[in-house]
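Asker:
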Amino acid sequence: MKFTESTILFSKNRIEALCDGIFAITMTLIILELKTPENIPHNLAGEELSAALLKLIPQAEAYAISFIILAIFWLRHLIHFKFLESVNRQVLGINIVFLLFIGFIPFSVGIVMRYYGQIIPTLIYISNLLIISLILHFHWHYISEKSNLLKISDSENEYVKKFKFLSIIPTLIFLSALIVSFINVRVAFYIIYLDPIFYFVYRRIYIYHIKHKNDLSQK
5 MKFTESTILF SKNRIEALCD GIFAITMTLI ILELKTPENI PHNLAGEELS
55 AALLKLIPQA EAYAISFIIL AIFWLRHLIH FKFLESVNRQ VLGINIVFLL
105 FIGFIPFSVG IVMRYYGQII PTLIYISNLL IISLILHFHW HYISEKSNLL
155 KISDSENEYV KKFKFLSIIP TLIFLSALIV SFINVRVAFY IIYLDPIFYF
205 VYRRIYIYHI KHKNDLSQK
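Count the sequence shown with my numbering and you get residues 5 to 223, in order.
1) With the cut-off set at 8 Å, would you say V95 and L153 are in Cβ contact?
2) Contact defined as beta carbons within less than 8 Å: I believe N92 pairs with L13. What is the distance between those atoms, to the nearest angstrom?
3) Given this structure, state the Cα-to-Cα distance separating I183 from E89, to the nearest angstrom.
4) Assuming K155 contacts F85 (C-beta within less than 8 Å), just tell me the rounded distance between them.
5) Find out if the Cβ-Cβ distance for the pair I172, F77 is shorter than 8 Å.
6) Is DSSP giving F14 helix, strand or coil here?
7) Measuring only the C-alpha atoms, how far is I69 from L38?
8) F7 by DSSP, collapsed to three states: which one?
9) Give me, in chain order, the residues of the same chain whose beta-carbon lies closer than 6 Å to that of L138; leave out the 5 immediate sequence neighbours on both sides.
10) DSSP three-state label for L38, please.
11) Assuming G97 is part of the alpha helix (DSSP H), what are its boundary residues?
12) Between F186, I177 and Y120, which has its C-alpha nearest L134's C-alpha?
13) Is the beta carbon of T32 closer than 8 Å to that of G107?
14) Return the Cβ separation of F169 and N132 in integer angstroms, given the expectation that the two are a contact with Cβ distance under 8 Å.
15) Taking C-beta to C-beta, are V191 and T126 nearer than 8 Å?
16) For P62, collect the residues of the same chain with a Cβ closer than 6 Å to its Cβ; drop the 5 residues on either side in sequence, then sort them by chain order.
17) Within the continuous alpha helix (DSSP H) that includes Y129, where are the two ends?
18) I'd like to know whether the C-beta atoms of S148 and Y129 end up nearer to each other than 8 Å.
19) Per the DSSP calculation, L88 is bridged to which residue(s)?
20) Do L246 and I26 have their C-beta atoms within less than 8 Å of each other?
21) How many angstroms separate the CA atom of Q122 from the CA atom of V116?
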């Protein structure tokens, strides 16, 4: 057998450990971005304090949706590696680029929280999410075509094929949000919410499908 860049295989464990570490650090950093504003006077009370705290809702919203989407990126990446037995240099390279943009999230979230409602920070933030989603889609498309990298049972073949098609949907969601942000930043943020909604709805349908299939096989 002739060894090439694509046939040299590596253990996936080191990449999984690196990914988990980067995700943990990134999640910690976006939590640290949510700070109590220093410009709120200490002597505020009652309605004045409530009004001042209400102004923090957009920043809290940006933090919350970012944390949820980051968790979903991690879960999707986890699913990819569930079916991977080993990795080649191409998969290694895709994952390094993926982590590069994951590490950029605290910056893009930070400027959105500081300049909430402005178009340029929103474009940077949504572009960051779009690029990550594109990389994940390309990652799944690549590994699903490499049978020597996968370990899947016959019953999982159907899931792999469906996931290959469905993995483009998050990319379309973020692309739509990016386009809409030129018109209305608020609506663009609402569109972003579709990604976690899609994930949890599809997950429930998949779990129901597997359970139903197992019930039929036991009869």
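Note that the Cβ used here is the ideal one computed from N, Cα and C, for glycine as well.
Answerer: Answer, in terms of the structure:
1) On the sequence shown, position 91 is the one that residue 95 refers to. On the sequence shown, position 149 is the one that residue 153 refers to. Yes; because the gap between Cβ atoms is below 8 Å, this pair is in contact.
2) Within the sequence shown, the letter at position 88 stands for residue 92. Within the sequence shown, the letter at position 9 stands for residue 13. Indeed they touch by this definition, with Cβ atoms about 6 Å apart.
3) Numbered from 1 along the sequence shown, position 179 holds the residue referred to as residue 183. Numbered from 1 along the sequence shown, position 85 holds the residue referred to as residue 89. Those two C-alpha atoms are separated by around 38 Å.
4) Translated into the one-based positions of the sequence shown, residue 155 becomes position 151. Translated into the one-based positions of the sequence shown, residue 85 becomes position 81. K155 to F85, Cβ: 11 Å. No contact.
5) As a working note, residue 172 is residue 168 in the sequence shown. As a working note, residue 77 is residue 73 in the sequence shown. With contacts defined by Cβ atoms closer than 8 Å, I172 and F77 do not form a contacting pair.
6) Numbered from 1 along the sequence shown, position 10 holds the residue referred to as residue 14. DSSP places F14 in the strand class (E or B) of the three-state scheme.
7) Numbered from its first residue, the sequence shown carries residue 69 at position 65. Numbered from its first residue, the sequence shown carries residue 38 at position 34. Distance between the alpha carbons of I69 and L38 is about 13 Å.
8) Position 3 of the sequence shown, counted from the first residue, corresponds to residue 7. At F7 the pLDDT is 43, less than 50, meaning the model places this residue with poor confidence; the figure from the coordinates comes in the next sentence. Note: F7 maps to coil in three-state DSSP.
9) On the sequence shown, position 134 is the one that residue 138 refers to. So the qualifying residues of the chain are T175.
10) Sequence index remark: in the sequence shown, residue 38 carries index 34 (1-based). Three-state result, L38: coil.
11) By 1-based counting over the sequence shown, the position of residue 97 is 93. It spans R93 to I106 - the alpha helix (DSSP H) in which G97 sits, taken as one unbroken run.
12) In the sequence shown, the residue the question calls residue 134 occupies position 130. Measuring from the Cα of L134, the nearest candidate turns out to be I177.
13) Taking the sequence shown and counting its residues from 1, the one referred to as residue 107 is at position 103. Taking the sequence shown and counting its residues from 1, the one referred to as residue 32 is at position 28. It is not a contact, given that the beta carbons lie outside the stated cut-off.
14) Within the sequence shown, the letter at position 165 stands for residue 169. Within the sequence shown, the letter at position 128 stands for residue 132. That pair is no contact at about 24 Å.
15) Residue 191 sits at position 187 when you count from the first residue of the sequence shown. Residue 126 sits at position 122 when you count from the first residue of the sequence shown. Cβ atoms of V191 and T126: not closer than 8 Å.
16) To locate residue 62, count along the sequence shown from 1; it is residue 58. So the list reads Y120, once near-sequence residues are dropped.
17) The sequence position of residue 129 within the sequence shown is 125, counting from 1. In the DSSP assignment, Y129 falls within the alpha helix (DSSP H) that extends over I123 to S148.
18) Here residue 148 refers to the residue found at position 144 when the sequence shown is read from its first residue. Here residue 129 refers to the residue found at position 125 when the sequence shown is read from its first residue. Not in contact: S148 and Y129 (Cβ atoms no closer than 8 Å).
19) On the sequence shown, residue 88 is found 84 positions in, with the first residue counted as 1. L154.
20) Lying before the first or after the last residue shown, residue 246 is absent from the chain, which here runs from 5 to 223.
21) Reading the sequence shown from its first residue, position 118 is the one you call residue 122. Reading the sequence shown from its first residue, position 112 is the one you call residue 116. Distance between the alpha carbons of Q122 and V116 is about 8 Å.
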